[in-house]
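Quick note, the sequence shown lines up with residues 1 to 223 if you use my numbering.
Glycine residues also receive a C-beta, built at the ideal position from the N, C-alpha and C atoms.
Computed from a predicted model, the values in this text were never measured in an experiment.
Below is one structure, written out as structure tokens; the observations come after it.
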Amino acid sequence: MRCSKTIQGFTLIEVLIGLTLLSIMMVLLFTSLKICADSWEKGETKIAEVNEISVVYNFFQRHLSAARPLWDDFSGEERTFSFQGKSQSLQFVSAFPASVGKSGPQLISLFLQEEDQERVIKVVLTPFFPLADGNEWNKEEVTLVSGVSEFKLTYFGAEDGASEGVWMDEWLVKQVQPRLVKIKIELENGIFWPEMVIGIQSVGSLNNSDGDMLSQSEEEQQQ
């Protein structure tokens with residue numbers, strides 16, 4: 001007696017169902033990969049934004065808080081105080097560690113400027129004390145923040161003869177530094193930057209020899 005075996009394959013409906021399920025799985029897989037890639041990119045962008053804010057805050061916290069109240073009595077006919085603040089510009093004297101190749105107190109100037117069809121905050125570094133031979137130092141200019149829509153500085157301190165401090169839009173023709181400086185930065189891309197309030201450690205004025213010795217001490221501590 002001979003037994004016949006019948007081998008049955010997939011029906012057309014089963015094949016179509018399998019292909020449909022496979023297509024759905026592939027769509028879900030690629031959608032998940034795209035979501036992961038987008039999340040990674042957004043995370044990288046957010047980290048870069050936070051890092052930029054941190055760098056700018058650290059710059060002000062490190063240098064503006066340690067501003068030296070010195071007098072410039074060598075570059076002009078009139079003796080001028082080193083700290084001069086306006087609503088969109090600021091200059092002050094601070095020290096850098098010797099490891100960055102900058103010796104002695106540095107005059108730091110910040111201002112808002114138009115550059116390549118956008119507004120940027122510039123920083124210019126110049127050694128505060130002049131060269132002995134009468135030549136001028138080379139200035140170093142860098143961009144601190146790009147794409148700025150608003151930049152505002154306000155200063156907290158006592159008016160001449162007053163005991164209580166108030167917030168002011170300018171700090172000019174003074175003999176002391178303000179107690180606090182508030183920095184507001186807004187960007188064109190809408191990224192939120194919190195306001196920075198920097199406390200200044202030394203308010204009363206120093207003579208230049210005291211300021212030079214103090215700056216050298218700071219450099220040694222920062223090394």
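Where residue i falls, given that 16 or more other Cβ within 10 Å makes a residue buried
i	result
V27	exposed
P178	buried
S217	Note that S217 scores 44 on pLDDT, short of 50, meaning its location in the model is unreliable and no value can be drawn from it.
I17	exposed
L21	exposed
S94	buried
E219	Interpretation of E219 is limited by its pLDDT of 44, a score under 50 that renders its predicted location unreliable; no figure is taken from the coordinates.
I200	buried
F192	exposed
Which listed residue (the options) has its alpha carbon closest to that of residue i
i	options	result
F129	Q117, I121, Q84 and K102	K102
F96	L125, G165 and I121	L125
V176	I191, F74, A37 and A67	A67
S89	E77, I108 and K139	I108
P194	V15, I53, E14 and S202	I53
T143	E159, L131, V120 and P127	V120
F59	F83, D160 and V145	V145
R79	M168, K174 and E140	K174
Distance, residue j Cα to residue i Cα
i	j	result
V56	E170	22 Å
G204	P69	7 Å
L12	I24	18 Å
V181	F30	51 Å
W40	L33	10 Å
I35	K42	10 Å
S65	V166	19 Å
D38	N138	45 Å
F74	E136	13 Å
Q117	P105	34 Å
Q61	M196	9 Å
L131	K86	28 Å
Any 3 or more C-beta pairs closer than 8 Å across the region 185-193 and the region 142-157: yes
At least three beta-carbon pairs within less than 8 Å, the region 154-165 to the region 108-124: no
Those runs of the beta strand (DSSP E) which lie wholly inside the region 158-189 and span at least 3 residues: 165-168 and 180-187
Whole runs of the beta strand (DSSP E) within the region 121-151, excluding any shorter than 3 residues: 140-145
3 or more residues per run - each beta strand (DSSP E) lying fully within the region 19-48: none
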